[in-house]
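Following: one structure in structure tokens, then a few remarks.
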Amino acid sequence: MCAARTFGPVSAAVAGDDMERQRTRSNSITIRRSCSVYANEVATMPEPIVAVIAEDAIAVEEERRVRREITRVLRRHGSADAARVRLTRGSRSDGTTLTQVNTCVAGTPVRCQIDGPDGLAVRSAAERLDGQLDRLRTQAAPRWAPDASRPPLITVGEERPIVRRKVCVPRLCDPATAVAAMDALDYDAHLFTDLDTGEEAIVYWAGPLGVRMARQRRLCPPREFEQLPLTINPHPTRILTESAAVHRLCDYGLPFLFYTDAEDGRGRLLYRRYDGDLGLVIATSVPPVTDVA
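If you count the sequence shown from 1, position 140 lands on 135 in the numbering used here, and the numbers rise without skipping.
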């Protein structure tokens, strides 16, 4: 007589272990296949073209390091877009390098800029770019807080010359869009045309909530004020001549100055550069053919 085959507690446990091993093996195969597909995609991804423009005082090894770091960041985010990196030391004697990275990801201009000792500036620029691309790729909210690792350029001293003038048509948008652009372009302040009032305005990193907005004339909050970590500058923009604006910025050690031009009534953003000289963003209604150098 043949006894019927039954599963007691031990046999059932063994059978369950076999089934679990099968599931684990199947999952492992799936994971390996997924990793293989991803590896193939990475292997076939075009290499980003990273052009490095460096002054003679910059070591060749520093150029190689920045090209390697920025290429790694672009590949990590699946970007094959070209990037331009500028390394500047100029007349500096403190051993610091200004690193600026410009690229364009999915049609969005991206820029980061940071100053620091050799090697550290490159790593910091790569980290900043990585964070910017991560926010763009995941469509996360832009940064709404000042960056403690990059303090504002505050220097009280003699008047400095304006060495760069940029004429532009400010984008017509709301403050949230302006903040997103300020974050993507790594600006300390960003000039735009306010959607609510049609006035030139700026957003900039400042307390107590993280971002502050200033318009030329009107002091009323924007429509989406309650939903934004934003404060409004309670003072109208000063009406100044260019020379008076330069005097005020240098005399008070300001990192930038937003003012209304006394001659044409348009908004202008005067800012301090890392080399100590000044730059000026000039609002216009007609797109310029080229920037005024």
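Idealized CB from N, CA, C, for every residue including glycine.
In this text the structure is predicted, and so the values were computed from the model without any measurement.
Out of the options, which one is the CA nearest neighbour of residue i?
| i | options | result |
| --- | --- | --- |
| R81 | I48, T279 and P43 | I48 |
| W200 | R79, D125, A140 and T236 | A140 |
| T232 | E194, L204 and R268 | E194 |
| P224 | Q108, L244, P137 and R67 | P137 |
| T103 | G271, L180 and R70 | L180 |
| V158 | L265, L235 and L124 | L265 |
| R145 | H230, S238 and L93 | L93 |
| R267 | D259, C215, F220 and A240 | A240 |
| E150 | P229, A278, P112 and H242 | The sequence given here has Thr at residue 150, not Glu. For the residues P229, A278, P112 and H242, the minimum Cα distance to T150 belongs to H242. |
| D113 | A52, G73 and E153 | A52 |
| I227 | R62, I197 and G271 | I197 |
| E122 | I109, R207 and Y182 | I109 |
| V105 | V276, A175 and S280 | A175 |
| V294 | Y182, G202 and R118 | In the structure as shown, the chain starts at -4 and stops at 288, and residue 294 therefore has no counterpart that could be examined. |
| D259 | D272, S280, R207 and G248 | S280 |
Are the CB atoms of residue j and residue i within a distance shorter than 7 Å?
| i | j | result |
| --- | --- | --- |
| G274 | Q211 | no |
| H185 | A171 | no |
| A116 | C107 | no |
| R213 | T192 | yes |
| L131 | V100 | yes |
| F187 | C215 | no |
Roughly how far, in whole angstroms, is the beta-carbon of residue i from the beta-carbon of residue j, given that I think they are within contact range, below 8 Å?
| i | j | result |
| --- | --- | --- |
| T98 | A77 | 7 Å |
| F253 | A209 | 6 Å |
| R70 | A46 | At roughly 16 Å, the Cβ-Cβ gap does not stay under 8 Å, so R70 and A46 are not in contact. |
| G111 | T91 | 6 Å |
From residue i to residue j, what distance separates their C-alpha atoms?
| i | j | result |
| --- | --- | --- |
| P282 | K161 | 11 Å |
| L244 | R155 | 10 Å |
| E58 | L204 | 38 Å |
| Y269 | I44 | 27 Å |
| R125 | I234 | Reading off the sequence shown, one finds Asp at residue 125, where the question assumed Arg. If I take the Cα positions, the gap works out to 40 Å. |
| L148 | T255 | 22 Å |
| D246 | R166 | 31 Å |
| F220 | E50 | 45 Å |
| E153 | R84 | 22 Å |
| P229 | E42 | 49 Å |
| R62 | G73 | 16 Å |
| Q222 | R60 | 42 Å |
| G271 | R207 | 24 Å |
| T66 | S238 | 43 Å |
| A278 | R118 | 34 Å |
Just mark residue i as buried or exposed, buried being the case when its beta carbon has 16 or more other beta carbons within 10 Å.
| i | result |
| --- | --- |
| D189 | buried |
| V55 | exposed |
| V68 | buried |
| L128 | buried |
| E64 | buried |
| P217 | buried |
| V164 | exposed |
| D178 | buried |
| A143 | exposed |
| A257 | exposed |
| A135 | exposed |
From the beta carbon of residue i, is the nearest beta carbon of chain D less than 7 Å away?
| i | result |
| --- | --- |
| P170 | Protein chains in the displayed structure number just one, and chain D is not present. |
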